[in-house]
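Residue numbers (the working numbering): 231 to 505.
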């Protein structure tokens, strides 16, 4: 299924001083590029059901984020470095006015990109992700995020992989996807990746204003940290539309792809066609 979803996309590699960044791009006459950015410890296959759905209608671009999947080894991961890599890739592919679809960590990369290039994103779909903004997070929240790496090391490797996959998914199909994605990581690599993913978020976090059209999606069963609470606060403060995806957890775009694809479709009609 994954192979079929990406068979019409060309796999490419962007080389950096820190390691390779592998990405996939489809050719389409559409002037609009949908940029899919997966979450922490996931990879491009998280969006296989969106790639299949939107193929042929828009130009599509997805990647294995630095330090993830095929983009390994990658030294000194940071969201600033990821945003810079993404900028260079979009320039290389001549992707103008892209629409970013970021799940979890993909939303952090999107907001990091916005800080640096505020006028370059045409729209933002945030899926089970959290806002930048200092007042959203308590001192306790920030303290716990800094403990992720060492706490993860306390779990046996197999149990850690199983608990990650089960905690972020609601359906068996989505759980199988995450289990497959997590298998190549050693325990130390996986724990360190989670540790720097959250620690770097704290370094990058700041008060900022998102000026492009934005919609927020969150799974009704998302129990990853306080994501649902943060999404609700984000919605209340900014008035960005918030859609709760039924029968879905943190990886809601895989758990309930039909509902997520429908919401993305509605958003695209508004952003691109003003309907």
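Yeah, the Cβ is synthetic: ideal placement off N, Cα and C, and Gly gets one too.
TODO: Leaving aside the five residues before and after residue 476 along the sequence, list all residues of the same chain whose C-beta is less than 6 Å from its C-beta, in chain order.
DONE: 450
TODO: Taking 8 Å as the threshold, find out whether the stretch 326 to 337 comes into contact with the stretch 257 to 274 through three or more Cβ pairs.
DONE: yes
TODO: State whether the stretch 441 to 460 contacts the stretch 300 to 314, with contact taken as three or more CB pairs (one from each stretch) at a distance under 8 Å.
DONE: no
- [ ] Measure the alpha-carbon distance for residue 301 versus residue 364 and round it to whole angstroms.
- [x] 30 Å
Open item on the list: Quick check on this structure: which residue in 257, 277, 295 has the alpha carbon closest to the alpha carbon of residue 423?
Closed with: 295
- [ ] Would you mind working out which of 345, 461, 372 sits nearest residue 310, comparing C-alpha positions?
- [x] 345
Open item on the list: According to DSSP, residue 472 sits in a beta bridge with which residue or residues?
Closed with: 446
Open item on the list: Check whether the stretch 366 to 377 and the stretch 346 to 356 are in contact - that is, three or more C-beta pairs closer than 8 Å.
Closed with: The answer is no - the stretch 346 to 356 does not touch the stretch 366 to 377, with fewer than three Cβ pairs under 8 Å.
Task: Opposing strand residues paired with residue 242 [DSSP bridges] - done: 253
TODO: Quick one: measure Cβ to Cβ for residue 240 and residue 252, integer angstroms, because I've assumed they're closer than 8 Å.
DONE: Contact flag wrong, Cβ pair sits at about 11 Å.
Task: Per-residue DSSP class, three states only, for residue 275 - done: helix
- [ ] Using DSSP bridges, identify the partner residues of residue 331.
- [x] Beta-bridge partners assigned by DSSP to residue 331: 266, 355.
Open item on the list: Let me confirm a value: residue 289 is counted as buried when at least 16 other C-beta atoms fall within 10 Å, else exposed. Which label applies?
Closed with: buried
Open item on the list: Strictly by DSSP, which residues pair up with residue 290?
Closed with: 264
Task: Where residue 402 falls: helix, strand or coil (DSSP) - done: helix
- [ ] Go ahead and label residue 408 buried or exposed: buried means 16 or more other beta carbons lie within 10 angstroms of its beta carbon, across all protein chains shown.
- [x] buried
- [ ] Take the Cβ of residue 504 as the centre, count every other Cβ of all protein chains shown within 10 Å, and call the residue buried at 16 or more, exposed below.
- [x] exposed
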